[in-house]
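Numbering (our numbering), first residue to last: 77 to 598. Take a look at the structure below.
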């Protein structure tokens with residue numbers, strides 16, 4: 077996207093591949109996918125262009141620019157901002173700043189940058205490399221202590237995130253206005269005859285059916301966990317034999333359990349072939365061939381398991397899938413409140429005193445780590461950030477992500493459930509139990525996580541990468557964000573001492589941030 081404000085004639089036309097302003101100063105290319113549609117309208121002065129996730133039971137929109145009366149245009153805009161799925165809305169007007177807005181049900185990221193003349197935008201941060209002017213210390217510090225915050229800031233100065241319901245205004249300078257805080261529900265007492273599982277299934281069905289998803293080109297990311305298992309088995313129950321599946325295989329004690337649980341889920345309800353399984357222990361993060369390790373332009377916000385996840389996305393696309401449904405957001409949907417279970421959030425600022433590689437500049441700015449964050453969203457901010465990490469990897473392979481647990485209606489249902497239904501994911505466990513799943517599925521003994529994958533990567537491939545970083549230097553050293561002596565001691569400890577996940581695993585973030593910064597700033 078490239079938008080130039082204050083044009084005397086910002087009339088637009090659809091070329092068949094992109095929207096182009098007739099004065100040739102602005103251009104917008106929608107992502108091409110059957111789940112995405114786009115439309116444009118003008119009243120002769122104002123123009124709106126909308127790229128949005130399709131809703132079910134409606135034919136795809138005609139992409140050409142419609143001519144409307146001013147009153148019809150106002151009605152069209154009011155309807156546009158109430159769209160129930162993911163969207164981006166661009167508005168232009170002669171001799172006025174341009175505006176770009178996003179909806180509440182975000183599935184994909186949109187990064188923005190400017191050269192002072194035009195506003196550029198893309199879901200792939202690599203497209204905005206030329207606008208980067210350095211590292212944002214506050215965002216770097218947040219990421220280094222695993223304290224991500226949903227805001228308009230990114231790791232790089234000059235690149236901004238358009239958060240949910242926010243509007244970017246550009247008339248030579250970029251200004252992003254946040255929306256009002258979203259209102260949220262609180263847990264309620266159940267009526268004596270309340271059918272919680274019935275309400276859960278109905279809400280899950282409605283979240284899915286908002287989109288035209290039920291096609292043979294749809295694949296389910298079936299990890300074997302509670303969230304993806306709940307979503308995938310319900311879809312297979314409704315449409316037997318239609319959907320293939322895929323997963324990353326973990327390591328450690330939970331590996332064999334994951335294999336058993338997935339096999340039982342696939343046998344209890346009827347899925348289609350293939351079942352794509354990529355062994356994450358074989359395709360380790362930062363292994364040779366990983367795009368991060370080879371110096372490609374990969375955003376620091378993309379999935380830390382980039383290499384195995386990219387391999388899976390490619391295999392899914394090669395199998396003919398176009399849409400991938402996940403269980404992301406399930407943790408947050410049934411999360412306990414601070415009153416129910418007081419807990420330290422991820423990346424407490426005190427971590428900066430424990431992690432030896434945190435540099436002096438990072439320690440200084442952590443005092444302001446919560447400044448400038450977006451207001452409460454309809455969907456949990458941690459969910460929105462996790463969706464943002466997965467989307468670019470899928471989009472590069474032509475895949476569109478769908479996340480039923482991140483649907484605002486699902487979030488609202490979860491907020492109202494009593495403690496007993498949310499504790500330890502009782503909602504998902506009981507749903508799987510109703511399907512006749514065994515204790516192995518409903519109450520697994522072993523933890524299933526990527527901890528062993530990260531540990532193996534840290535002990536095999538990363539020592540060489542850390543040695544190169546310490547020898548050649550890093551933008552993180554130059555900015556005072558990472559202390560090289562502290563990092564050296566942590567790396568030496570990896571090879572000399574017993575591995576402690578809580579302490580050692582976090583050093584992986586240093587390497588991914590270093591590689592992103594080095595690639596984007598060189």
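Cβ coordinates follow ideal geometry from the N, Cα and C atoms, glycine included.
Check	Outcome
Below 8 angstroms on the Cβ atoms is my contact criterion, and I expect residue 225 with residue 446 to pass it. Report the Cβ-Cβ distance as a whole number of Å.	7 angstroms
Thinking C-beta only, is residue 264 closer than 9 angstroms to residue 493?	yes
On a Cα-Cα basis, can you pick out the residue from 577, 77, 542, 483 that is closest to residue 281?	483
How about residue 334 and residue 309: are their beta carbons less than 9 angstroms apart?	no
In terms of alpha-carbon separation, which member of 135, 353, 377, 85 lies closest to residue 586?	377
Pick from 580, 178, 91: whose alpha carbon is nearest that of residue 453?	178
Which residue spans inside the segment 200-248 form an unbroken alpha helix (DSSP H) run of at least 4?	213-220
Taking the continuous alpha helix (DSSP H) assigned at residue 539, which residues delimit it?	538-548
Give a yes or no on contact between the segment 194-204 and the segment 360-380, applying the rule of three or more CB pairs nearer than 8 angstroms.	yes
Hey, residue 158 and residue 181: beta-carbon distance below 9 angstroms or not?	no
In this structure, how does DSSP classify residue 466 when only helix, strand and coil are distinguished?	helix
Suppose contacts are defined by Cβ-Cβ distances below 9 angstroms. Is residue 122 in contact with residue 167 by that definition?	yes
Alpha carbon to alpha carbon, what distance is there between residue 261 and residue 467?	28 angstroms
Just to check my reading of the structure: residue 390 and residue 473 have Cβ atoms closer than 8 angstroms, yes? What is that Cβ distance to the nearest angstrom?	6 angstroms
Output yes or no for whether 9 angstroms exceeds the beta carbon distance between residue 326 and residue 578.	no
Cα separation between residue 207 and residue 244?	17 angstroms
Within its chain, find whatever has a CB closer than 6 angstroms to the CB of residue 435; leave out the 5 residues flanking it on each side and keep chain order.	556, 557, 558, 559
Name the one or two DSSP bridge partners that residue 326 has.	Residue 326 pairs with nothing; no bridge assigned.
Along the chain, where does the beta strand (DSSP E) that runs through residue 101 open and close?	Premise fails: residue 101 is in no beta strand (DSSP E) and is neither H nor E.
Report all residues from its chain with a CB closer than 6 angstroms to the CB of residue 82; omit the five preceding and five following residues, and keep chain order.	171
I'd like the span of the beta strand (DSSP E) that includes residue 300, first residue to last.	First-last for residue 300: undefined, no H or E at that position.
Going by beta carbon distance, what residues of the same chain come within less than 8 angstroms of residue 342, once the five residues before and after it are set aside?	298, 321, 351
How long is the line joining the alpha carbons of residue 561 and residue 530, rounded to whole angstroms?	23 angstroms
Going along the chain, which residues of its own chain have a beta-carbon closer than 7 angstroms to the beta-carbon of residue 464, five neighbours each way excluded?	185, 377
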